[in-house]
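Sequential numbering of the sequence shown, starting at 661, is according to our numbering.
Note that CB positions come from ideal geometry on N, CA and C, so glycine has one too.
Everything on this sheet refers to the single structure shown next.
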Amino acid sequence: MRNELLSPAEMAEADRLAIAAGPLDGYGLMRRAGEAVAAVVLARYPAATRVHMLCGPGNNGGDGYIVARLLQESGVDVALWGSGEPRAGSDAALAAADCPLDPRPLSAFAAEPGSLVVDALYGAGLSKALSGDAARAVQVVADLGLPVVAIDLPSGVSGESGDILGSAFRAAVTVTFARKKPGHLLLPGREMCGEVVLADIGIGDGTIARIAPRSFENAPTLWLPAFPVPAVDAHKYRRGHASIFSGGPSATGAARLSALAAARSGAGAVTILSPANAMQVNAAHLTSIMLRKADAVADLGAFLTDRRPSSFVLGPGFGVGEKARDFALALLGAGQAHYTGVAGLVLDADGITSFRDEPETLFQAARRSGAPALVVTPHEGEFGRLFPGIADDKVLSKLAKARAAAARANAIVVYKGADTVIAAPDGRAAINSNGAPWLATAGSGDVLAGIIAGFLAQGMPAFEAACAAAWIHAEAGSRFGPGLIAEDLPLATVPVLRELAESGMAVR
């Protein structure tokens, strides 16, 4: 699996383990990295009139000295600019010594239109704001509109968080090594990386496995083995029964979007639980989706006893208040016999906001032995309502915030956005990288909640169900493109689901 993500500290450990295991020493790994970058530059920019190589004093700069030498040997006109001397005896110092070009000071950096810049200043390990000569170089390159190839990460982008530290290069291509870093996927850093090329420099999968990363780029390889593919003899209830709570007569559409998404994602049966005063409104719009009255917890108990549903969505269009809390807590209080068999509750929108004044009540219920899996799907504002202390922490990245929230709530947290993060209480976390702006439309989140519930109903583990739903939801939106509205999304998932089902059957 090459979708593991390594933090800068984990990447340093991977380097150390690889060097200790051999056969490559540190300089050998550096040469491999430089060769990979030089190959990308020559392949992507064969017509560049001049290449400006910007080298820092550390290992990132060492990679750059090797790139400069290889490009010059290939006949490229290279101008070398240095920021600080590599530490004596370091691999970067060896690379600088092997480079026949004399670096000019970065303080004098100037470039011309039509040239190319290779950024080897700081890479993923930068922890303070870019300033001085480096910040000036960023501005020079931006003013001239020059293409940039970044080594590891554009200088100024945090490999840990994706934050812009002062200023940063905007790369057309970023070449990184062994595994991507969170900063390649988290915004705003992702927008600064351009195309990310992952190069193999000799750090093997066995070395990565020793580090045991807990962060991943969300992709089918992460969850496809658990993806539900119905058996030949499956009937509708064996494929799971998802249930979605509806709001009142003027707020029923969101629940129907969730219900349709749950059905499209493969749930064999889907029921909308409607207040009595909205039954006629819902009935007028439903065909294959079933309908049942649920005004109070007693109605919910009778439904659970009669129909044994497997998953629930509570929140879309439901309304904020005590009723939402009562239903959620009843479902999570799994000790009663008629609640046996509930796989999970997806709490979205109004369901999340209903607990803003008493989040610990929800979290304690989720921690009860035997409670169904809880999946919460907040956008930025809802995350702040449910996890105010975590949301206000300026030090934590979005990845770290989602992970902390999942541990606190004992829930799967789907922290939505263009860089959605899915985190589990056990520390696993995945960053979605296939999002599209077309998904920023009313009702899109309701569809996502329904897809998660559909997968939960079919027996998919909660973390894998949430990751799969986020990826499929984004993939469907990307493929549909401009003009997308939420009503399009459930049907737009069908070709994606078909491809995944065929892949899932192939890996079984």
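Quick check: what's the CA-CA separation for V980 versus V1006? Here residue 980 refers to the residue found at position 320 of the sequence shown. Here residue 1006 refers to the residue found at position 346 of the sequence shown. So the alpha carbons of these two residues sit roughly 16 angstroms apart.
Looking at S971 and A919, is the spacing between their C-beta atoms short of 7 angstroms? Here the question's residue 919 lines up with position 259 in the sequence shown. Here the question's residue 971 lines up with position 311 in the sequence shown. No, Cβ-Cβ distance for A919 and S971 is not below 7 angstroms.
Identify which residue in M713, A703 and P976 has its Cα closest to the Cα of D737. As a position in the sequence shown, residue 737 is number 77, starting the count at 1. Checking every option, the nearest Cα to that of D737 belongs to M713.
For the candidate residues R968, Q940, T1013 and A936, whose alpha-carbon lies nearest to that of L974? The count along the sequence shown starts at 1 and reaches residue 974 at position 314. Of the listed residues, the one whose Cα sits closest to L974 is T1013.
Label L776 either buried or exposed according to how many other C-beta atoms from any shown protein chain fall within 10 Å of its C-beta, with 16 as the threshold for buried. As a position in the sequence shown, residue 776 is number 116, starting the count at 1. Burial call: buried.
Are L761 and L786 close, meaning C-beta to C-beta below 7 angstroms? Looking up residue 761 in the sequence shown gives position 101. Looking up residue 786 in the sequence shown gives position 126. No. Outside cutoff.
Please state the DSSP three-state secondary structure of G742. Locating residue 742 in the sequence shown gives position 82, counting from the first residue. G742 falls in the strand class under three-state DSSP.
Residue interval of the beta strand (DSSP E) (run including F1112): Start at 1 with the first residue of the sequence shown, and residue 1112 comes out as number 452. According to the sequence provided, residue 1112 is Ile. The question's Phe does not apply to it. Looking at the DSSP string, I1112 is not in any beta strand (DSSP E); the run it does join, the alpha helix (DSSP H), is S1104 to A1117.
I need the DSSP call for A1100, collapsed to helix, strand or coil. On the sequence shown, residue 1100 is found 440 positions in, with the first residue counted as 1. Looking at A1100 - three-state DSSP - the assignment turns out to be coil, as it is neither helix nor strand.
Status (buried if at least 16 other CB within 10 Å, exposed otherwise) for H901: For this step, residue 901 is matched to residue 241 along the sequence shown. Buried, because 16 or more other Cβ atoms sit within 10 Å of the Cβ of H901.
On the criterion of 16 or more Cβ atoms from any shown chain inside 10 Å, does Q940 qualify as buried, or is it exposed? As a position in the sequence shown, residue 940 is number 280, starting the count at 1. Looking at its Cβ environment, which holds fewer than 16 other Cβ atoms inside 10 Å, Q940 is exposed.
Can you tell me which residues form a DSSP beta bridge with M713? Translated into the one-based positions of the sequence shown, residue 713 becomes position 53. M713 pairs with L740 and V778.
How would you write the range of the beta strand (DSSP E) that Y1075 sits in, first residue to last? For this step, residue 1075 is matched to residue 415 along the sequence shown. Looking at the DSSP string, the run of the beta strand (DSSP E) that includes Y1075 is I1072 to Y1075.
Return the first residue and the last residue of the alpha helix (DSSP H) that K1058 is part of. Within the sequence shown, residue 1058 is the residue found at index 398, counting from 1. Its alpha helix (DSSP H) spans residues K1058 to A1069.
Just the C-alpha distance for A859 and V835, rounded to the nearest angstrom, thanks. Mapped onto the sequence shown, residue 859 falls at position 199. Mapped onto the sequence shown, residue 835 falls at position 175. Distance between the alpha carbons of A859 and V835 is about 7 angstroms.
Local Cβ density within 10 Å of I679, reported as buried at 16 or more and exposed below that: The residue you call residue 679 lines up with position 19 of the sequence shown. Buried, because 16 or more other Cβ atoms sit within 10 Å of the Cβ of I679.
If you count every other CB in all the chains shown that lies within 10 Å of the CB of D803, and 16 or more means buried, which is it? As a working note, residue 803 is residue 143 in the sequence shown. Burial call: exposed.
Using 7 angstroms as the threshold, is the C-beta distance between A832 and P807 below it? Here residue 832 refers to the residue found at position 172 of the sequence shown. Here residue 807 refers to the residue found at position 147 of the sequence shown. Going by C-beta atoms, A832 is nearer than 7 angstroms to P807.
Distance, G913 Cα to N937 Cα: By one-based count along the sequence shown, residue 937 stands at place 277. By one-based count along the sequence shown, residue 913 stands at place 253. So the alpha carbons of these two residues sit roughly 15 angstroms apart.
Short check: CB of V1073 to CB of A1090, under 7 angstroms? Walking along the sequence shown from the start, residue 1073 turns up at place 413. Walking along the sequence shown from the start, residue 1090 turns up at place 430. Against a cut-off of 7 angstroms, the Cβ pair of A1090 and V1073 comes out as no contact.
Roughly how many angstroms separate the alpha carbons of W1131 and E820, rounded to a whole number? The residue given as residue 1131 occupies position 471 in the sequence shown. The residue given as residue 820 occupies position 160 in the sequence shown. So the two alpha carbons sit approximately 22 angstroms from each other.
Secondary structure at P1150, three-state DSSP: helix, strand or coil? For the purposes of this step, residue 1150 is identified with residue 490 of the sequence shown, where counting begins at 1. Reduced to three states, the DSSP call for P1150 is helix.
In this structure, how does DSSP classify P765 when only helix, strand and coil are distinguished? For the purposes of this step, residue 765 is taken as residue 105 along the sequence shown, with counting starting at 1. Strand.
Who are M950's beta bridge partners in DSSP? For the purposes of this step, residue 950 is identified with residue 290 of the sequence shown, where counting begins at 1. In the DSSP output, where bridge partners are listed per residue, M950 has T931.
As a quick exercise: from F887, A696 and G742, pick the residue whose alpha carbon is nearest that of D812. Taking the sequence shown and counting its residues from 1, the one referred to as residue 812 is at position 152. Cα-wise, what sits closest to D812 is A696.
What's the call for D1008, buried or exposed, on a 16-neighbour Cβ count within 10 Å? The residue given as residue 1008 occupies position 348 in the sequence shown. The residue in question, D1008, is buried, as its Cβ has 16 or more Cβ neighbours within 10 Å.
For H901, write down the residues that DSSP places opposite it in a beta bridge. Here residue 901 is taken as the residue at index 241 of the sequence shown, counted from 1. DSSP output for H901 lists A929 as bridge partner(s).
Cα-Cα separation, R704 to G854: Your numbering for residue 704 matches position 44 in the sequence shown. Your numbering for residue 854 matches position 194 in the sequence shown. Each residue's Cα considered, the two are about 13 angstroms apart.
Close-in-space but distant-in-sequence residues of the same chain around A674 (CB under 7 angstroms, 5 per side omitted): The count along the sequence shown starts at 1 and reaches residue 674 at position 14. Hits under 7 angstroms: L666, A838, I863, T867, I868 and I871.
Exposed or buried, P888, counting other C-beta atoms within 10 Å across all chains shown (16 or more means buried)? In the sequence shown, counting from the first residue as 1, residue 888 sits at position 228. Answer is buried; the Cβ neighbour count reaches 16.
Skipping 5 residues on each side, what residues in its chain have a beta carbon closer than 6 angstroms to that of H844? Numbered from its first residue, the sequence shown carries residue 844 at position 184. Hits under 6 angstroms: C853 and V856.
Using only the alpha-carbon positions, how far apart do E877 and S827 sit? As a first step, residue 877 must be located in the sequence shown, where it is residue number 217. As a first step, residue 827 must be located in the sequence shown, where it is residue number 167. Taking the straight line from one Cα to the other gives about 25 angstroms.
So, A1122 versus A922, is the Cβ gap smaller than 7 angstroms? Working through the sequence shown from its first residue, we reach residue 1122 at position 462. Working through the sequence shown from its first residue, we reach residue 922 at position 262. No, Cβ-Cβ distance for A1122 and A922 is not below 7 angstroms.
Check L825 in the structure and name its three-state DSSP category. In the sequence shown, counting from the first residue as 1, residue 825 sits at position 165. Note: L825 maps to coil in three-state DSSP.
Output yes or no for whether 7 angstroms exceeds the beta carbon distance between S1138 and A1096. Here residue 1138 corresponds to residue number 478 of the sequence shown, with the count starting at 1. Here residue 1096 corresponds to residue number 436 of the sequence shown, with the count starting at 1. Yes, they are a contact pair.
Compare the beta carbon distance of R662 and I861 with 7 angstroms and say whether it is the shorter of the two. To locate residue 662, count along the sequence shown from 1; it is residue 2. To locate residue 861, count along the sequence shown from 1; it is residue 201. Not in contact: R662 and I861 (Cβ atoms no closer than 7 angstroms).
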